[in-house]
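Down below is the structure, laid out as structure tokens.
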Amino acid sequence: MTSTPATKKRVLSGMRPTGKLHLGNYVGALQNWVRMQEQYDCFFVIVDWHALTTDYGDTSRLKENLVDVLLDWLAAGLDPEKCVMFIQSHVPAHAELHLLLSMITPLGWLERVPTYKEQKENLKEKDLNTYGFLGYPVLQSADILLYKADVVPVGEDQVAHVELTREIARRFNAFYAYAHPLVVETNHLTPDQKKVLNSNGTKITPDTDYIFPRVVFPEPQALLTPAPRLPGTDGRKMSKSYDNAVMLTDPELVVRQKLKTMVTDPARVRRTDRGNPDVCPVGDLHKIFSSPETKAKVNEGCRSAGIGCIECKSWVADAIVKILNPMQERRKKYEDKPRLAWDILEAGSARAREIADATMDEVRKAMGLYYESPKDDAK
Ligand code: TRP
Ligand code: SF4
């Protein structure tokens, strides 16, 4: 049984269009999104404007990267029947809300965001002394608040951004929530409906058509993806920039080849040496991808030198290939019909615009930025 849409909590998350995704992206985020689409009202956005906050100088691969991300999403099992997938720049309201939120966001809040200093240090080759880079968590806040998301699934590095979003929402509500009434017809509301609104903290002035919403923006909750750290072939965290990743699009032979070169327990030099899967990156992969039976075989065989590393690696390759195969089949379906994937994005962006525009209406009203021409010349 699926629950009715009204009772579903809303989820929003986003990814930068960085091109083809790898197993770490799948285990760290995508797999969780695929699960969430069954229970939540999910919005997933490819944040092309965010990409510009660090890669503004060269935009030549933006479109190609964006399509690759979308294809990997679809390949991994995000289903346009179950979630909304869209492009940030196709919904101009993200820019408008970013602008308005930037007015109320103290500089100190942004300078204190941990990723700000870290990234500026780590990405030395880029000049990140820009207005856009400092303000990008505000853009992320706009992404989240436009959809009034309840839950934002993110990795650890992004939790501070969701926290900032909560603070911005609170500040916005404190300034504006009761400042300007929403003018609506309330006389058609039944007493029961009014009761529900009142219990929400919404104020309805008696005998008028004014509704004062308690809050414009609910505060979103970060949901930390319960993801194990996925090692790449060199034992460091799997990452595109380390060139140690297994891509979701890697054919079976490439997967097997990459795993063959993967580092193992350094204490196990010869076949006759005993090893320890708990300190071996291949052992980590088994813990994530292999069946309990295989894991037991690895544990026993490695510690007793009963199995060789080559054999052990081939088992983990089997498990990974089994996960990637159906993804690659699905991806092919969309690669063969590029129009299909774009149609999904366009439909998603249209749906996102409806919700974002409705929120912007409320925001403009709350902020007093709602100018109607006079009804007549009397006043
Ligand atoms: N900033 C996130 C990242 O770099 C991506 C992102 C943008 C995002 N907007 C978002 C994530 C909204 C969650 C919700 O990974
Ligand atoms: Fe690692 Fe497997 Fe070799 Fe043990 S047998 S060291 S777990 S690769």
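Residue 390 in our numbering is what sits at position 108 of the sequence shown, and the numbering runs on without skipping anything.
Built from N, CA and C at the ideal position, the CB exists for glycine as well.
V255 and M297 closer than 9 Å at C-beta: No statement about residue 255 is possible, as the shown extent of the chain runs from 283 to 661 and does not include it.
Can you list, in chain order, the stretches of the alpha helix (DSSP H) that have 4 or more residues and sit fully within the segment 395-464? 396-404, 413-416, 418-427, 441-458
Taking buried to mean at least 16 other C-beta atoms within 10 Å of its own C-beta, is P510 buried or exposed? For the purposes of this step, residue 510 is taken as the residue at position 228 of the sequence shown. That one is exposed.
Using three-state DSSP, classify L512 as helix, strand or coil. In the sequence shown, residue 512 corresponds to position 230, counting from 1. Three-state result, L512: coil.
Buried versus exposed, by CB contacts within 10 Å (16 or more), H380: The residue labelled residue 380 in the question sits at position 98 within the sequence shown. Buried: at least 16 other Cβ atoms inside 10 Å.
Contact test: G590 Cβ vs the ligand TRP heavy atom, cutoff 8 Å: Position 308 of the sequence shown, counted from the start, is the residue given in the question as residue 590. Checking every heavy atom of the ligand TRP against the Cβ of G590, none is found closer than 8 Å.
Beta-carbon contacts of A599 that lie in its chain and below 7 Å, excluding the five residues immediately before and after: Against the sequence shown, residue 599 aligns to sequence position 317. So the list reads V537, R538, L541, once near-sequence residues are dropped.
Residues around the ligand SF4, please: the ones whose beta-carbon is closer than 5 Å to some heavy atom of it, in chain order. T546, D547, R550, G557, P559, C562, V564, G565, C584, C591, C594
Quick one: any contact between the segment 325-339 and the segment 545-565, if contact means 3 or more CB pairs under 8 Å? no
Given that a residue counts as buried once 16 or more other Cβ atoms are within 10 Å of its Cβ, and exposed if not, what is V715? Given a span of 283 to 661 for the chain in the structure shown, any question on residue 715 remains unanswerable.
In angstroms with no decimal places, state the Cα-to-Cα distance between F454 and A648. Residue numbering aside, residue 454 sits at position 172 when the sequence shown is read from its first letter. Residue numbering aside, residue 648 sits at position 366 when the sequence shown is read from its first letter. Looking at the two C-alpha atoms, the distance is approximately 9 Å.
Work out the CA separation of R553 and P620 for me, nearest whole Å. Within the sequence shown, residue 620 is the residue found at index 338, counting from 1. Within the sequence shown, residue 553 is the residue found at index 271, counting from 1. Looking at the two C-alpha atoms, the distance is approximately 49 Å.
Close Cβ partners of L512 (< 8 Å) along its chain, the five nearest in sequence each way excluded: Within the sequence shown, the letter at position 230 stands for residue 512. L305, G306, V309, G310, K519, M520, D566, L567, I570.
One question on the structure: do P502 and A431 come within less than 9 Å of each other, judged by their Cβ atoms? Here residue 502 is taken as the residue at index 220 of the sequence shown, counted from 1. Here residue 431 is taken as the residue at index 149 of the sequence shown, counted from 1. Yes, these two residues count as a Cβ contact at 9 Å.
How should Q319 be labelled, buried or exposed, when 16 other C-beta atoms within 10 angstroms of its C-beta is the threshold for buried? The sequence position of residue 319 within the sequence shown is 37, counting from 1. Counting Cβ neighbours within 10 Å, Q319 comes out buried, since at least 16 surround it.
Taking 6 Å as the limit between beta carbons, can you name the residues of its chain near R550, skipping five residues before and five after? Counting from 1 along the sequence shown, the entry for residue 550 is found at position 268. Same-chain partners within the cutoff: G557.
Got a sec? Which residues, its chain only, sit under 6 Å from K302 by beta carbon, not counting five neighbours each side? Translated into positions along the sequence shown, residue 302 becomes position 20. Taken in chain order, the residues that qualify are D350, M529, T531.
Give me the Cα-Cα distance between A629 and C365, rounded to the nearest whole angstrom. By 1-based counting over the sequence shown, the position of residue 629 is 347. By 1-based counting over the sequence shown, the position of residue 365 is 83. The straight-line gap from Cα to Cα measures roughly 11 Å.
First through last residue of the beta strand (DSSP E) which encompasses F499: Working through the sequence shown from its first residue, we reach residue 499 at position 217. F499 -> no beta strand (DSSP E), and no H or E assigned at all.
Per DSSP, D323 is paired with what? Within the sequence shown, residue 323 is the residue found at index 41, counting from 1. R292.
Less than 8 Å between the CB of H443 and some heavy atom of the ligand TRP, yes or no? Walking along the sequence shown from the start, residue 443 turns up at place 161. Yes, the Cβ of H443 comes within 8 Å of a heavy atom of the ligand TRP.
Leaving out five residues before and five after M283 in sequence, what residues of the same chain have Cβ atoms less than 7 Å from its Cβ? Walking along the sequence shown from the start, residue 283 turns up at place 1. In this prediction, M283 has a pLDDT of 43, which is less than 50 and means its spatial position is unreliable; nothing more can be read from the coordinates.
Assign I602 to one of two classes, buried (16 or more other C-beta atoms within 10 Å of its C-beta) or exposed (fewer than that). Taking the sequence shown and counting its residues from 1, one reaches residue 602 at position 320. The residue in question, I602, is buried, as its Cβ has 16 or more Cβ neighbours within 10 Å.
So the candidates are A424, T543, D547, W391; which of them puts its Cα closest to the Cα of T515? Translated into the one-based positions of the sequence shown, residue 515 becomes position 233. Comparing Cα-Cα distances from T515 to each of A424, T543, D547, W391, the minimum goes to T543.
Report all residues from its chain with a CB closer than 8 Å to the CB of T286; omit the five preceding and five following residues, and keep chain order. Your numbering for residue 286 matches position 4 in the sequence shown. Low per-residue confidence applies at T286: pLDDT is 49, beneath 50, and the placement is therefore not dependable, though the value from the model is reported in the following sentence. Same-chain partners within the cutoff: there are none.
The beta strand (DSSP E) spanning V366 covers which residue range? Locating residue 366 in the sequence shown gives position 84, counting from the first residue. Here the beta strand (DSSP E) through V366 covers 365-369.
Mind checking whether the beta-carbon of R621 lies closer than 8 Å to any heavy atom of the ligand TRP? The residue given as residue 621 occupies position 339 in the sequence shown. R621 Cβ: outside cutoff for every heavy atom of the ligand TRP.
Rounded C-alpha distance that separates W331 from K604: The residue given as residue 331 occupies position 49 in the sequence shown. The residue given as residue 604 occupies position 322 in the sequence shown. Between W331 and K604, the C-alpha separation is close to 35 Å.
If you draw a straight line from the C-alpha of V292 to the C-alpha of P435, how long is it? One-based indexing of the sequence shown puts residue 292 at position 10. One-based indexing of the sequence shown puts residue 435 at position 153. First, the amino acid is wrong: residue 292 is Arg here, not Val. Each residue's alpha carbon lies about 11 Å from the other.
May I ask you to report which of helix, strand or coil DSSP gives I589? Here residue 589 corresponds to residue number 307 of the sequence shown, with the count starting at 1. Coil.
Look up M642 in the DSSP assignment and say whether it is helix, strand or coil. Indexing the sequence shown from 1 puts residue 642 at position 360. Note: M642 maps to helix in three-state DSSP.
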